[in-house]
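Remarks on the structure that follows.
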Amino acid sequence: MADTTAPTLVNSLQSTAAGLGGTADARDVLKLVASESLAAVAAGDSLRLTDADGTTAEVVNGTSSPGNATFALNTAAETVAGTSYPAGTVLTITLAAVPSAVNAGSVAGLQYPATIADQSGTTDVAGNNLSLASGDRSIS
Ligand SMILES: [Ca+2]
Ligand SMILES: [Ca+2]
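Read in numbering that gives the first Met the number 0, the sequence shown has 110 at position 111, and its numbers run on one by one without any break.
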């Protein structure tokens, strides 16, 4: 039977805070745990994030413009916040630069907690897009 169920996020958090502690910038590391195995990452996969003051910014997988981060899927079981998750379900995003602002907001920069508002390119192995209609969309 074909898998038509969209993956959701069961946990989203910041695992490493680099640079400014409350602001998204280079070398911050984010972990997004999916409800099922995800398909391989690709250059251009992106997340659109918002914060409380109205900043909207994009994190894009890739080392050349518009890329500003590295996305990686775990290849073995990985423990996040005390729970072990199987291979292919933990997406680690390491920021290489300040996320690209789409809308500046009233306070410059993307502050935590940031909410995942939209995404492109992240699917399960059957190609169902990651759903942000439910699940843990808040990164703090
Ligand atoms: Ca930071
Ligand atoms: Ca802001």
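Glycine included, every Cβ here is placed at the ideal spot set by N, Cα and C.
Source: prediction; values computed, not measured.
Check	Outcome
G126 classed as buried or exposed, judged by whether at least 16 other C-beta atoms fall within 10 angstroms	exposed
Cβ-Cβ separation, P112 to A56 (assumed contact under 8 Å), whole Å	About 14 Å separates the two Cβ atoms, so there is no contact after all.
For S36, the nearest candidate out of Q118, Y84 and D117 (CA to CA)	Y84
Backbone secondary structure at S83 - three-state DSSP	strand
Start-to-end residues for the beta strand (DSSP E) that takes in S11	L8 to T15
For A142: DSSP bridge partner residues	Lying before the first or after the last residue shown, residue 142 is absent from the chain, which here runs from 0 to 139.
9 Å Cβ cutoff met for L29 and L72	no
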